[in-house]
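For the sequence shown, counting from 1, position 86 maps to 1202 in the numbering used here; every step adds exactly one.
Where is the CB? At the ideal position from N, CA and C, for every residue including glycine.
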Amino acid sequence: MNWKVKSTDAVDKVVKSTFNEKRFFDILRPFFGSYTQEQVNGINGIIKAFREVGDGDIDTLAYALATAYHETGKRMSPVREGFAKTDKGARNAVAKLAEKRGPDSAVAKYSKPVGPYGHVYYGRGHVQLTWQHNYRNASKDAGVDLERYPDKMLDPEISARVLIRGIMDGRWNGQGKGIDFYEGEDDTLSREEAIQARRLVNVQDKALTIAVYFEQFYNALKAAGFK
């Protein structure tokens, strides 16, 4: 099903006149196949968040879009780990994955209820935020206590802000090295640099695949005049 691409009022107010949104979506159409309204809204929401809290660097936006494309299974909207519809479903999904990967795996450690609220801090949002401390640390960007209310990461606006800020400051790689660290002297990510930039989110898991996605979004943004 093809949906007509329309800008939201919020995006209309912040996207500069140089950005040809229709051209951007037209260029990406073969990459997506055809758009759902969920995808269109999700992309627009990430662009809006970038305009509000981003650094103005097209690499940051393109890598955020590529990350969301991968982590949400092309949906471009926040999801629970395993694409579960409910908290119970996600808990069951990560518990089964923990059994498969063994007691020393990362998922075995974050699949258990922890903290004063008894939540399981499995992956949520555009970026699949995991671990209790990451929810706590993202609360300032979210504007809500994510440690207490982790499902707020399923709010598209909150999730998009956390995604953008996390890519910028490198909070998830354990070294505080944001996307600027991976850019070369020309301040643009090469293929190899984009591969290394996967460390911003999940070490080198599917790093080449996401680097290719990054190039798709970057080229579309540039061709559509995004500044």
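When rounded, the separation of the alpha-carbon atoms in F1330 and A1178 is 6 Å. A straight line joining the alpha-carbon of W1247 with that of V1223 spans about 10 Å. In terms of Cβ geometry, E1197 and G1231 do not form a close pair [threshold 8 Å]. Take G1241, set aside five residues on each side of it, and the residues of its chain with a beta-carbon closer than 6 Å to its own are P1194, M1269, S1275, in chain order. Secondary structure at L1245: strand, using DSSP grouped into helix, strand and coil. An exposed status is given to H1249, since fewer than 16 other beta-carbon atoms sit within 10 Å of its beta-carbon. With fewer than 16 other Cβ atoms from the protein chains shown falling within 10 Å of its own Cβ, E1215 counts as exposed.
About 20 Å separates the CB atoms of F1199 and A1180; that is not less than 8 Å, and the two are not in contact. Going by DSSP, S1150 is part of no alpha helix (DSSP H) at all; its letter is neither H nor E. Here the region 1297 to 1305 does not lie against the region 1143 to 1157, with fewer than 3 beta-carbon pairs under 8 Å apart.
Taking C-beta atoms under 8 Å as the contact rule, P1272 and G1158 qualify, at a distance of about 7 Å.
Taking 8 Å as the cut-off, the Cβ atoms of R1207 and V1236 count as close.
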